[in-house]
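In what follows, a structure is listed as structure tokens, so that the remarks can point back to it.
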Ligand SMILES: [Zn+2]
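Chains as they are written, first to last, in our numbering: chain A, 30 to 301; chain B, 2 to 309.
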């Protein structure tokens, strides 16, 4: 019994290292520090006329919170959005994802899913082709109750490791050639946070996540994402772009263990 | 780092536990069959106002041992449950069974840590508690406050159930059965053969909307196995003690409707958020806390059916 007590005490104490009380966390706005760490303290202007960031006001399932970025057409300036970084200020790893937009793909919408640990500001920072930064933000309430930003079914998650799915959504406006297309990719991966102890070994599980996803139509980049542990398990990106007449769609994903997952489809959706 | 000192204090505090117990009033419990007691939690979200006492918890008294089934949503509730047991029997508490790892069912565990007490749970529960414990302590700080949370410790089970386990309480045996990932990844049920009462944990919700934190498909698949248990009455994880298996009908309809709606939307390419906000709305008037959990359930279900 003393051994059990000691172990329980140890678990509780170790846990306290991440479980900083919410009130204390909120007293300090992490954003200025994040601007320094992520954006090298570059000035960030208002991005409201360039991009929109859409999230529910409350994280319903803390492990799967939908995020949608919309890139507005910039008619007069001649500059374009080249990258968007999503930052979830109060998460253990605030930098959730950096999307780089293919030069000719005219990406107009990107939707993915993130984990939200606590009440938090979420920032989306767009970089334009003139090197300037532009920001929009929203506030998300944490999920209540027993929802946690954790994997629900570890065995099923292991079983689909490395599986890749691709889907095209037909839109009434689609022409036979070219035009805006909406598609989705999903990669089976636990995207483990590493902030958890293995009960058998009593060691912290190393973080294990998809850190890069790249998408092409033939050889032209559509979109890439550098991601971290704030991206939900089974990383999922739904996006709208303009087809260039390519015959193939290709995805390449890499995780922190160096595994590379690749797949190519004919543009009609069948696997090559 | 406030927790660190407080946690050590909490561990030391076990030595003087009996003093604290004396100060706690007994939790109101009802004897639903001879030797089987239940406290019905409030159908609410956990908060500082309700001490986190939102789940149904209870105990079964044999001639040689008492089994506790879930310890409540705070150490305060756990101590009150302990006081309720002590007011009714001097038979020692031998087993504390956690039906799963959600805070409202296990945040009271620390009240029962003592020599001779074995914590019992699903074989996946220790890992679930290690992964989620710190997240829960963090996220419940806001709704429940320091006063209730400071004593909480994550106490994992040491007697693990894979399949089923019979616990002898003296002239009655209870069967602890481990389930596949359903409501959560570590659900067990407790069946008392003598009274034919089933403590279903959160595998069964009545009046309180079911909450999905596991696998919707497995949960639906598990319903027939649940029905097959030879129980007469059920203590759901949330909601009133009811006749079995009639009480399962509403939950079966809700989960079925949710699955049908979400499968249709995944197939049709409807985006996750839109689908989640529109799913199972025909069920809105039939459940308490619908707005608090339905979109969450639908979001989780969507991310699962996408891989079918
Ligand atoms: Zn539960």
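Don't be surprised by glycine CBs; every beta carbon is placed ideally from N, CA and C.
Does any heavy atom of ligand 1 sit closer than 7 Å to the C-beta of residue 42 of chain B?
Shortest gap from the CB of residue 42 of chain B to any heavy atom of ligand 1: 7 Å or more.
Give a yes or no on whether the minimum CB-CB distance between residue 136 of chain B and chain A is below 8 Å.
Yes - at least one Cβ of chain A is within 8 Å of the one on residue 136 of chain B.
Under 5 Å, CB to any heavy atom of ligand 1. Which residues pass, going along the chain?
Residues close to ligand 1 by the beta carbon criterion (under 5 Å to any non-hydrogen atom) are, from first to last along the chain, B:103 and B:203.
Going by beta-carbon coordinates alone, are residue 88 of chain B and residue 179 of chain B separated by less than 8 Å?
No, these two residues do not count as a Cβ contact at 8 Å.
Please identify the residue among A:122, A:81, A:255 and A:57 whose C-alpha is closest to the C-alpha of residue 281 of chain A.
With distances taken between Cα atoms, residue 281 of chain A lies closest to A:255.
Can you list, in chain order, the residues of the region 276 to 293 of chain A whose Cβ is nearer than 7 Å to any Cβ on chain B?
From the region 276 to 293 of chain A, no residue has a Cβ closer than 7 Å to chain B.
What in chain B is Cβ-close to residue 172 of chain A, meaning under 9 Å?
Going along chain B in sequence order, the residues near residue 172 of chain A (Cβ under 9 Å) are 140 and 297.
My assumption, with CB atoms under 8 Å, is that residue 51 of chain B sits in contact with residue 39 of chain B. Please give the rounded CB distance.
Not really, about 17 Å apart at Cβ, beyond 8 Å.
Can a CB atom of chain B be found closer than 8 Å to the CB of residue 118 of chain A?
It does not: the Cβ of residue 118 of chain A has no partner Cβ on chain B nearer than 8 Å.
Exposed or buried, what is residue 286 of chain B when buried is set at 16 or more other beta-carbons lying within 10 Å of its beta-carbon?
Exposed is the call here.
Can you have a look at residue 244 of chain A and say buried or exposed, based on whether 16 or more other CB atoms are within 10 angstroms of its CB?
Residue 244 of chain A should be labelled buried.
The region 188 to 198 of chain A / the region 158 to 178 of chain A touching (three or more Cβ pairs under 8 Å)
Touching, no, given that fewer than three Cβ pairs across the two stretches are closer than 8 Å.
Between A:257, A:272 and A:183, which has its C-alpha nearest residue 132 of chain A's C-alpha?
Looking at the Cα atoms, A:272 is the closest of the given residues.
Threshold first: 3 residues or longer. Then list the beta strand (DSSP E) segments lying entirely within the region 150 to 203 of chain B, N to C.
Complete beta strand (DSSP E) runs here, min 3: 160 to 162, 165 to 169, 174 to 179 and 189 to 193.
For the region 163 to 173 of chain A against the region 143 to 150 of chain A, do three or more pairs of beta-carbon atoms, one drawn from each stretch, fall closer than 8 Å, so that the two count as touching?
The region 163 to 173 of chain A is in contact with the region 143 to 150 of chain A.
Shortest alpha-carbon distance to residue 82 of chain B belongs to which of B:31, B:65, B:102 and B:165?
Of the residues B:31, B:65, B:102 and B:165, the one whose Cα lies closest to the Cα of residue 82 of chain B is B:31.
Under the three-state DSSP convention, the category residue 301 of chain B falls into
Residue 301 of chain B falls in the helix class under three-state DSSP.
Which residues does DSSP list as the beta-bridge partners of residue 290 of chain A?
In the DSSP output, where bridge partners are listed per residue, residue 290 of chain A has A:282.
Please look up how many angstroms separate the CB atoms of residue 108 of chain B and residue 53 of chain B, rounded, as I've assumed it's under 8 Å.
Indeed they touch by this definition, with Cβ atoms about 6 Å apart.
How about residue 264 of chain B and residue 306 of chain B: do their beta carbons lie closer than 8 Å?
Result yes, Cβ atoms of residue 264 of chain B and residue 306 of chain B sit closer than 8 Å.
Use the C-beta contact count for residue 218 of chain A: other C-beta atoms within 10 angstroms, 16 or more gives buried, fewer gives exposed.
So residue 218 of chain A ends up on the buried side.
Beta-carbon of residue 308 of chain B versus every beta-carbon of chain A: anything under 8 Å?
Chain A, which has a Cβ nearer than 8 Å to the Cβ of residue 308 of chain B, makes this yes.
With residue 122 of chain B as the anchor, note down where its beta strand (DSSP E) starts and where it stops.
Secondary structure note for residue 122 of chain B: its beta strand (DSSP E) is the uninterrupted segment 119 to 123.
Check the Cβ-Cβ distances between residue 93 of chain A and every residue of chain B, and say whether any is below 8 Å.
Residue 93 of chain A counts as touching chain B.
Is it right to say residue 106 of chain B is buried, meaning 16 or more other beta carbons lie within 10 angstroms of its own, or is it exposed?
Counting Cβ neighbours within 10 Å, residue 106 of chain B comes out buried, since at least 16 surround it.
Three-state secondary structure (DSSP) at residue 245 of chain A?
Of the three classes helix, strand and coil, the one that applies to residue 245 of chain A here is strand, per DSSP.
Could you tell me the boundaries of the beta strand (DSSP E) in which residue 163 of chain A lies?
Where residue 163 of chain A is concerned, the enclosing beta strand (DSSP E) stretches over 162 to 169.
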